[in-house]
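Working notes for the structure below.
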Amino acid sequence: MDWENLKKDFKRFLLLERGLSQNSIDAYQNDIVKLQHYCELKEIPLQDIKTRNIQDFLVWINEFAISAFSQARILSGIKTFFHFLQIEYQWDSNPAELIESPRLSRKIPTVLSIQEIDALISAIDLSAAEGMRNKAILEILYGCGLRVSELCELKISNLFLDVEFIKVEGKGNKERLIPIGEQAIKFLKIYLEEIRVHQTIKPGMEDYVFLNRRGNPLSRVMIFIIIKDLAEKIRLKKDISPHTFRHSFASHLVEGGADLRAVQDMLGHESISTTEIYTHIDKDYLQSIITQYHPRS
């Protein structure tokens, strides 16, 4: 089998067997393209790839100043690719299996204070046609801790506002129920019942909650632009994105004493270790309090 056919089969495997999102599939495909390019450059046939070849490949990509995080992700993609070859094509071994990923220093994510979130939401121009929609978006991002892709894909049929829950489809097509607070419900209802109901909607898009002016679902890029514009408006110094609201949601829950397992469930994290990053944020917050108020600091 040649590279091109194997990549097509690998793409189908990731979609059908692993249930990955299109963004994740594209990332895996890009990883394999990089390995293919290297092997063709060094004239290494696919079937002859050995562990040392992949190690040399990792050294090669390091020369392009690719971060340790990206290198670890690329290696993970390559391991998955050879695992697929073992399953589907009875490949003898996985040459990447025993290669250790680069050590990663866990970066503490940026979070917003409650005052900063209030300032961003207050900066929305409610006299504009899209004002109430944008307010509902920010209230849900912060109130439910959604990923931006989950927000864009949110369906009206998955809103259970009478019992204060919404259903979202996360990574790997895994569904989860998330509580939604009174504030988010209030502005979501105003948007749905007073704004969206008068909008022309493209056929087939009727179930999507958040729409643009042309009646199509909002894109991830548009959500980024909305948030960046608001940050500029209030002259916020922090570099933020839609994901910052998710970090803030989790951090504020942990600061308030929420059970880490409950936060893990609401965020849709597979591993509790991913959620534990927010305990570090909490410690940083406590340290800042000591520094600010303790007479010996």
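Last residue of the sequence shown? That's 297 in full-length UniProt numbering, and every number before it is there in order.
We put the CB at the ideal spot given by N, CA and C, even for glycine.
Exposure of residue i, with buried meaning 16 or more beta-carbon neighbours within 10 Å
i      : result
Ser271 : exposed
Gln47  : exposed
Asp31  : buried
Tyr208 : buried
Glu40  : exposed
Leu126 : exposed
Thr200 : exposed
Phe160 : exposed
Closer than 6 Å: residue i CB and nearest the ligand PLP heavy atom
i      : result
Glu100 : As for the ligand PLP, it is missing from this structure, which has no ligand bound.
Straight-line Cα distance separating residue j from residue i
i           : j      : result
Ile124      : Leu188 : 15 Å
Phe84       : Phe13  : 8 Å
Val254      : His247 : 11 Å
Glu182      : Glu63  : 52 Å
Gln90       : Phe82  : 10 Å
Val111      : Lys50  : 43 Å
Lys7        : Leu236 : 44 Å
Phe10       : Ile44  : 20 Å
Phe224      : Leu120 : 13 Å
Ala65       : Val33  : 18 Å
Pro217      : Asn173 : 19 Å
residue 304 : Asp26  : Outside the modelled stretch of the chain, which goes from 1 to 297, sits residue 304, for which no answer is possible.
Glu17       : Ser67  : 29 Å
Nonlocal neighbours in the same chain, by C-beta distance under 6 Å from residue i, ignoring five residues either side
i      : result
His294 : For His294, the predicted model reports a pLDDT of 48, less than 50, meaning its position is unreliable and no value from the coordinates is stated.
Leu154 : Val209
Leu286 : Residue placement at Leu286 is flagged as unreliable, the pLDDT there being 46, under the threshold of 50; the coordinate-derived value follows with that caveat. Nothing meets the Cβ criterion.
Endpoints, the alpha helix (DSSP H) within which residue i is located
i      : result
Pro242 : Pro242 to Glu255
Lys79  : Ala68 to Tyr89
Phe187 : Glu182 to Ile190
Lys233 : Arg220 to Lys233
Closest residue to residue i among the options (Cα-Cα distance)
i      : options                           : result
Glu116 : Ala231, Val59 and Ile156          : Ala231
Phe249 : Val263, Leu236 and Ser241         : Val263
Met142 : Trp3, Phe165, Asp56 and Asp118    : Residue 142 is actually Tyr in this sequence, not Met. Out of Trp3, Phe165, Asp56 and Asp118, Asp118 has the C-alpha closest to the C-alpha of Tyr142.
Ser76  : Glu88, Tyr89, Ala65 and Ala96     : Ala96
Asp239 : Ala129, Asn158, Ile140 and Pro109 : Pro109
Gly170 : Arg52, Phe69, Asp2 and Met266     : Met266
Asn158 : His198, Ser113, Ile114 and Glu206 : Glu206
Val163 : Pro179, Gly172, Thr244 and Ile156 : Pro179
His37  : Ile61, Ser21 and Ala27            : Ile61
Ser24  : Thr80, Phe165 and Asn216          : Thr80
His243 : Ala258, Lys155, Leu138 and Ile234 : Leu138
Glu193 : Ile156, Met222 and Ile226         : Ile156
Neighbourhood of residue i by C-beta, 7 Å cutoff - its chain only, sequence neighbours within 5 removed
i      : result
Ala136 : Phe187, Leu188 and Tyr191
Leu146 : Ile140, Val168 and Arg246
Asp220 : Here the sequence assigns Arg to residue 220, which means Asp is not the residue at that position. Taken in chain order, the residues that qualify are Val148, Ser149 and Cys152.
Lys228 : none
Residue interval of the beta strand (DSSP E) (run including residue i)
i      : result
Glu169 : Phe165 to Glu169
Glu175 : Glu175 to Pro179
Chain-order list of residues whose beta-carbon lies under 8 Å from that of residue i (same chain, five-residue window excluded)
i      : result
Glu175 : Lys167, Val168 and Glu169
Gly215 : Gln199, Thr200, Ile201, Lys202 and Met205
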